[in-house]
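First residue of the sequence shown: 16, per our numbering; consecutive thereafter.
Just so you know, even glycine gets a beta-carbon here, dropped at the ideal spot from N, CA and C.
As structure tokens, the structure follows; a few thoughts come after it.
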Amino acid sequence: MKVLYSVEEIQLWRNQISNLKIGFVPTMGALHKGHLELVNACKAKSDISVVSIFVNPTQFNDQNDLKNTPLH
């Protein structure tokens, strides 16, 4: 597993694997069995699988929901 923290790290890594098919599974965290099924499907169809965990504050209509979402 490789953990990338910046756009620059992602770009450098992407250049190193430019000939491979990359699958992407975006999440907002709180990983569960459904996420694992998506990752397994991604792995079956790709050379490399990328999973992101990103909570986008603009997706919440109610700011209380955002406040109650674990971010760490």
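Sequence-distant residues of its chain with Cβ nearer than 8 Å to residue i (five each side left out)
{"i": "LYS17", "result": "TRP28"}
{"i": "LYS58", "result": "GLY38, SER64"}
{"i": "ASN76", "result": "none"}
Assumed close pair residue i, residue j - CB separation to whole angstroms, cut-off 8 Å
{"i": "SER61", "j": "LYS36", "result": "5 Å"}
Straight-line gap, residue i to residue j (C-alpha atoms, nearest Å)
{"i": "LEU53", "j": "ALA45", "result": "14 Å"}
{"i": "ASN30", "j": "ASN55", "result": "24 Å"}
{"i": "GLY49", "j": "GLN74", "result": "20 Å"}
{"i": "ASN79", "j": "GLU24", "result": "33 Å"}
{"i": "TYR20", "j": "LEU51", "result": "22 Å"}
{"i": "HIS47", "j": "THR84", "result": "15 Å"}
Contacting residues, own chain, Cβ-Cβ under 7 Å from residue i (five flanking each side not counted)
{"i": "ILE32", "result": "ILE63"}
### Query
Would you call the segment 37–47 and the segment 59–72 in contact, with 3 or more CB pairs under 8 Å?
Counting C-beta pairs with one atom in each stretch, the segment 37–47 and the segment 59–72 have three or more that are closer than 8 Å, which means they touch.
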